[in-house]
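Undergrad: Structure incoming, see below.
Residue numbers (my numbering): 5 to 542.
Set out below in structure tokens:
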């Protein structure tokens, strides 16, 4: 057990003298604590600090959500946080809606706002705090609206040490100035200068209803301005059966399509969900030993997509061999780009001996090792675990074909599809772009058919995605674009490749957007509730 208290702005640890040696350093606003066990069988607890937020009623702060899809934005400190367990529980249980985010292991409280690994406020001088111990422990930020105190916790639960073992239990950078903290963040995470990807993905027009004719038709329609063509879900017979291509949809398999993609000069991309299998899959039916079980021996559900998906048992060596095998299969087909989805599932019901952060880090590192030299885009993944392993990462939920999805879905989990929410994430997580990874904001859509967004909402989606990302994709059939749509496409790509100094400010409940393009400065005001852009030019 680590005993902790907060004194004079520093974290101080006391402990039983027979338990640990402690190395405690504080310099340049960075506080690092490592411990060395002096006996066997020590189970670690969390380490926390507390600080008071002054003038809290007038402040806003950014709380980073648990995974790619979790809503993440600057909010007033009196805001309410959505709690899945206050939604209709019969529906939550039926569709496992509580499995997508942190609800399985974090207790939501009505008087608390929380986020992970980076937290800032721009109000007044502001503050900026971030985690550098992201291979070992998540850093949890909890703001208590009752006493105006922020508790920062290094989540070490699950870690066990034996004599001689050393672990870093705390490594956090604190700044009581937003500007100084952002400058420090940018120094710790310098620009990667990742290549920008402009591509097509099949999902947001056809979903699983794809076949070789649709794929080849849409491939033929895109031109040399694109550099990526990605086949999304729907090519396999069932999710989890990755070696079984649906021969009714793709009678010649995927190899001829990969060759055609390469012939056009594009990278060939494929979608996979390596840590889950749906209930109808052969894998689930014939290999129950591949499915993770909880302490009661019950299969671990990972959500309600498809026929209901379950988490694979990453501790089973045969599961790892299966993942390696199907990755090799797709590499041998010639795929260059791998979109790996539903990755949060590996962090459900983790085994003893690891923190949740350590376990997901181990799993994501494994994915990187399986795909040497290939481009990886993570999705539905924890953000800090993705650093250094994935080239690009989705940073918001799925775009919905309605502005804020169906009304009834707004009652449920924080990770639900929503164009409104994903645009907020794109803006407020933009400071991570090309530093932790290249940001993928999900698609823009210009088409008029099979979509229920107005022109202003589509315009907002295209502009914001083009300004604050490293990946820009669409699912439209470009062949049916008229001249106006073609001109819009050209403008979107121009912004994506050439806009400079893109930044935002939140003011009066709206987002002010600023950027420069070809010597011209632009200023727009974005109403993120309605999805409307207006010119801020004087």
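Every residue, glycine too, gets a C-beta built ideally from N, C-alpha and C.
Quick one: is residue 132 buried, meaning 16 or more other Cβ sit within 10 Å of its Cβ, or exposed?
TA: buried
Undergrad: Around the C-beta of residue 539, are 16 or more other C-beta atoms found within 10 angstroms, so that it is buried, or is it exposed?
TA: exposed
Undergrad: How is residue 43 classed by DSSP in three states: helix, strand or coil?
TA: Residue 43: coil per DSSP, three-state reduction.
Undergrad: For a quick check, are the C-beta atoms of residue 354 and residue 72 less than 8 angstroms apart?
TA: No.
Undergrad: Considering only the beta carbon of each residue, do residue 282 and residue 311 sit closer than 8 angstroms?
TA: yes
Undergrad: Is the beta carbon of residue 450 less than 8 angstroms from the beta carbon of residue 480?
TA: yes
Undergrad: For residue 324 and residue 471, I'd like the C-alpha separation in whole angstroms.
TA: 38 angstroms
Undergrad: Rounded to whole angstroms, how far is the Cβ of residue 423 from the Cβ of residue 457, which I believe are closer than 8 angstroms?
TA: 7 angstroms
Undergrad: Going by the DSSP bridge assignment, what does residue 25 pair with across the sheet?
TA: 40
Undergrad: Pop quiz: residue 411 and residue 352 are said to be a contact at Cβ under 8 angstroms. What is the actual Cβ separation, rounded to whole angstroms?
TA: Wrong, their Cβ atoms sit about 29 angstroms apart, outside the cutoff.
Undergrad: From residue 25 to residue 40, what distance separates their C-alpha atoms?
TA: 5 angstroms
Undergrad: Look up residue 349 in the DSSP assignment and say whether it is helix, strand or coil.
TA: helix
Undergrad: Report back the beta-carbon spacing between residue 165 and residue 46 to the nearest angstrom; my notes put them in contact at under 8 angstroms.
TA: 4 angstroms
Undergrad: Have a look at residue 488 and residue 428 and give me their C-alpha separation to the nearest angstrom.
TA: 27 angstroms
Undergrad: Should residue 35 be labelled buried (16 or more other beta-carbon atoms within 10 Å of its own) or exposed?
TA: Result: buried.
Undergrad: Which value, in whole angstroms, describes the spacing of the CA atoms of residue 28 and residue 174?
TA: 9 angstroms
Undergrad: Alpha carbon to alpha carbon, how far is residue 143 from residue 414?
TA: Each residue's CA atom was taken as its position, placing residue 143 and residue 414 some 28 angstroms apart.
Undergrad: Quick one: Cα of residue 350 to Cα of residue 525, how far?
TA: Distance between the alpha carbons of residue 350 and residue 525 is about 45 angstroms.
Undergrad: Please classify residue 95 as buried or exposed, where buried requires at least 16 neighbouring CB atoms within 10 angstroms.
TA: exposed
Undergrad: The beta strand (DSSP E) spanning residue 526 covers which residue range?
TA: Annotation: the continuous beta strand (DSSP E) that includes residue 526 extends over 524-531.
Undergrad: Would you mind sorting residue 343 into buried or exposed? The rule is 16 or more other CB atoms within 10 Å of its CB.
TA: buried
Undergrad: Which word fits residue 508, buried or exposed, when buried means at least 16 other C-beta atoms lie within 10 angstroms of its C-beta?
TA: Answer is buried; the Cβ neighbour count reaches 16.
Undergrad: Tell me which residues share the same chain as residue 237 and place their Cβ nearer than 6 angstroms to its Cβ, disregarding the 5 neighbours each side in the sequence.
TA: Closer than 6 angstroms at Cβ, skipping near neighbours: 212, 275.
Undergrad: Check this for me: beta carbons of residue 158 and residue 137, under 8 angstroms apart or not?
TA: yes
Undergrad: So the candidates are 91, 98, 469, 87; which of them puts its Cα closest to the Cα of residue 117?
TA: Minimum Cα distance to residue 117 is reached at 87.
Undergrad: Among 534, 503, 187, whose alpha-carbon lies nearest the alpha-carbon of residue 521?
TA: 503 is the residue among 534, 503, 187 whose C-alpha sits nearest the C-alpha of residue 521.
Undergrad: Quick check for students: name the residue ranges of the alpha helix (DSSP H) that lie wholly in the segment 240-282, counting only runs of 4 or more.
TA: 259-267
Undergrad: Buried or exposed: which applies to residue 8, given that a residue is buried once 16 or more other Cβ atoms fall within 10 Å of its Cβ?
TA: Per-residue confidence for residue 8 stands at a pLDDT of 45, beneath the threshold of 50, marking its modelled position as unreliable; the derived number appears in the next sentence. Per the 10 Å Cβ criterion, buried.
Undergrad: State the start and end residues of the unbroken beta strand (DSSP E) segment that holds residue 65.
TA: Where residue 65 is concerned, the enclosing beta strand (DSSP E) stretches over 64-67.
Undergrad: Determine contact between the segment 121-135 and the segment 58-72, defined as no fewer than three beta-carbon pairs at a distance below 8 angstroms.
TA: yes
Undergrad: For residue 441 versus residue 496, is the C-beta distance shorter than 8 angstroms?
TA: no
Undergrad: Along the alpha helix (DSSP H) that carries residue 158, what are the first and last residues, could you check?
TA: Run containing residue 158: none in the alpha helix (DSSP H); it sits in the beta strand (DSSP E), 153-159.
Undergrad: Quick check on this structure: which residue in 395, 77, 517 has the alpha carbon closest to the alpha carbon of residue 124?
TA: 77
Undergrad: Please report how far the alpha carbon of residue 378 lies from the alpha carbon of residue 341, in whole angstroms.
TA: 6 angstroms
Undergrad: What is the DSSP secondary structure of residue 407, counted as helix, strand or coil?
TA: The answer is coil: DSSP assigns residue 407 none of H, G, I, E or B.
Undergrad: Going straight from the alpha carbon of residue 167 to that of residue 145, what length do you get?
TA: 31 angstroms
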